[in-house]
Amino acid sequence: MRKPDPNGPRFAKVYVEITNVCNLSCSFCPKTGRLPRFLSEAEFAEILDRLRGWTNYLYFHLMGEPLLHPELGRFLELAGEKGFRVILTTNATLLPAAAETLLGAPALHKVNLSLQSFEGNEGGCLEDYLTQCAGFARRAAGQRILINLRLWNLDGPKTRGRNLENDRILALLEQSFPDPWTEVRGGLRLQDRVYLNYGETFRWPELSREAEDGAHYCYGLTDQLGVLCDGTVVPCCLDHEGDLALGNLLLEDLNTILARPRASAILEGFRKGRAVEPLCRRCGYAERFRL
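To convert, note that position 75 of the sequence shown is 75 in this note's numbering; the numbers rise steadily by one, no gaps.
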């Protein structure tokens, strides 16, 4: 396939949803009405071939829990063979069973552990959950894998607000990472290669929501795009239903998909500060990029 840019990859990252199935039902997650599906090894290999030259980094993330995929180890191996680095986002509940697979994958660059998943579900022991997260984080950091512990549950830019468990989470993390913590952009550095990242709760884009007026900007199709587990290409990682389907990477190459009028209009609109798609005008996350 022709390389999209002779000076380097066009996209900083591409989200590849290896499954849309999840073992949790978080209160903040919009879920998906799509049929449950897991990418096959052959499909994943085809997607990798069609993404070569477009990005160096694959994010195993969109909907679903990637640690559920029975071929996760093989997928990490294939990604490495094709020259990709992998960033994986998980709710961390399945880490005990998946840890050796992850730690044994040279292609794995970073793991995001979504700690807010614990408070999004009922039951379970917070101490046990954080102990396994911290233990994995220390082992991964020792193998030069970046770890990002996420608390994307704030209700304001400078406050923990109503999320009272966050103080308890910090106290428990201090037991595992006792050295002085350093403030960094968006959070704290707990130790070398282990970070705690804060983020505000946001409204997922839904066509049923009221549209937002004013100028819009998004990194969709500029910095990133997504590939759903049936091969559907979407502009960003928040299109959980595939409402902005641009084409299918299992059936056609990315040059063809991005040359279509819909993709071109979305990209040109954002360059001019306009959201041409109704879904994009109903995205709470994009409000932080408001021009």
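We put the CB at the ideal spot given by N, CA and C, even for glycine.
As the structure is a computational prediction, the values presented were derived from the model and not from experiment.
When the options are compared against residue i, the one with the closest alpha-carbon
i      : options                           : result
Asn91  : Glu119, Pro106 and His109         : Glu119
Glu29  : Met63, Arg262, Leu58 and Tyr57    : Correcting the residue identity first, residue 29 is Cys in this sequence and not Glu. Nearest of Met63, Arg262, Leu58 and Tyr57 to Cys29, Cα basis: Met63.
Gly33  : Arg74, Glu241, Trp152 and Val86   : Glu241
Gln132 : Asn121, Leu115 and Gly123         : Leu115
Asp128 : His216, Thr101, Ala265 and Thr93  : Thr93
Pro36  : Glu277, Leu51, Tyr57 and His69    : His69
Lys272 : Pro278, Cys218, Tyr285 and Pro235 : Cys218
Gly186 : Leu76, Asn148 and Ala98           : Asn148
Leu72  : Ala107, Arg274, Arg50 and Glu174  : Ala107
Glu46  : Val227, Val234, Glu65 and Cys283  : Val227
Gln143 : Trp181, Leu151, Asp155 and Asp192 : Asp192
Cys237 : Arg52, Gly199, Leu58 and Leu39    : Leu58
Arg138 : Glu165, Asp155, Leu221 and Leu103 : Leu103
Val194 : Asn248, Ala12, Arg150 and Glu100  : Arg150
Asp239 : Arg274, Val184, Leu221 and Glu252 : Leu221
Glu200 : Tyr285, Leu258 and Arg274         : Tyr285
Phe38  : Arg50, Leu67 and Lys31            : Leu67
Phe84  : Arg282, Glu165, Val14 and Thr256  : Val14
Whole-number beta carbon distance between residue j and residue i, since they are thought to touch under 8 Å
i      : j      : result
His109 : Leu48  : Not quite, the Cβ-Cβ distance comes to about 16 Å (not below 8 Å), so this is no contact.
His216 : Cys280 : 6 Å
Asn292 : Glu65  : Because the chain is modelled from 1 through 291, residue 292 falls outside the range shown and cannot be assessed.
Asp223 : Ala12  : 5 Å
Leu76  : Ala105 : 4 Å
Phe136 : Leu95  : 5 Å
Length of the line joining the Cα atoms of residue i and residue j
i      : j      : result
Leu225 : Gly80  : 20 Å
Asn121 : Arg189 : 27 Å
Gly8   : Trp54  : 8 Å
Phe60  : Glu17  : 6 Å
Gly231 : Pro178 : 44 Å
Met1   : Glu174 : Here the model assigns Met1 a pLDDT of 38, short of 50, so the residue's position is not dependable, and the following value carries that caveat. So the two alpha carbons sit approximately 49 Å from each other.
Asn296 : Phe44  : This structure cannot speak to residue 296, because the chain is shown only from 1 to 291.
Ala263 : Pro235 : 8 Å
Glu268 : Arg260 : 12 Å
Val276 : Phe270 : 8 Å
Arg203 : Asp155 : 11 Å
Glu212 : Arg10  : 29 Å
Glu252 : Arg52  : 14 Å
Ala134 : Glu183 : 19 Å
Leu244 : Tyr198 : 29 Å
Asn20  : Ser40  : 13 Å
Ser27  : Asn153 : 11 Å
Leu254 : Gly247 : 8 Å
Ala99  : Leu258 : 37 Å
Ala141 : Ile87  : 14 Å
Leu249 : Pro180 : 46 Å
Lys3   : Leu78  : Annotation note: pLDDT 46 at Lys3 (below 50); position unreliable, no value reported.
Ala265 : Lys82  : 31 Å
Leu74  : Lys31  : At residue 74 the sequence reads Arg, which differs from the Leu that was named. If you take the alpha carbons of Arg74 and Lys31, they lie about 26 Å apart.
Val233 : Ser117 : 26 Å
Arg50  : Pro278 : 29 Å
Leu130 : Thr256 : 45 Å
Ser25  : Arg274 : 34 Å
Gly123 : Glu165 : 14 Å
Arg282 : Cys229 : 24 Å
Thr89  : Ser176 : 21 Å
The ligand HEM heavy atom lying under 7 Å from the CB of residue i
i      : result
Pro278 : Only the bare structure without any ligand can be found here, which leaves the ligand HEM out of the picture.
Determine, using beta-carbon pairs with one atom in the stretch 199-215 and one in the stretch 166-179, whether at least three such pairs fall under 8 Å.
no
Ranges of the alpha helix (DSSP H) found wholly within the stretch 41-89, counting only runs of at least 4:
41-51 and 72-81
Mind pulling the beta strand (DSSP E) runs of 3 or more residues that sit fully within the stretch 151-233?
182-184, 187-191, 194-200 and 224-227
Taking only runs of the beta strand (DSSP E) that begin and end inside the stretch 93-119, which ones reach a length of at least 3 residues, in chain order?
Counting whole runs of 3 or more residues, the stretch 93-119 contains the beta strand (DSSP E) stretches 108-114.
List, from N- to C-terminal side, the alpha helix (DSSP H) runs of 4 residues or more that fit wholly inside the stretch 5-41.
none
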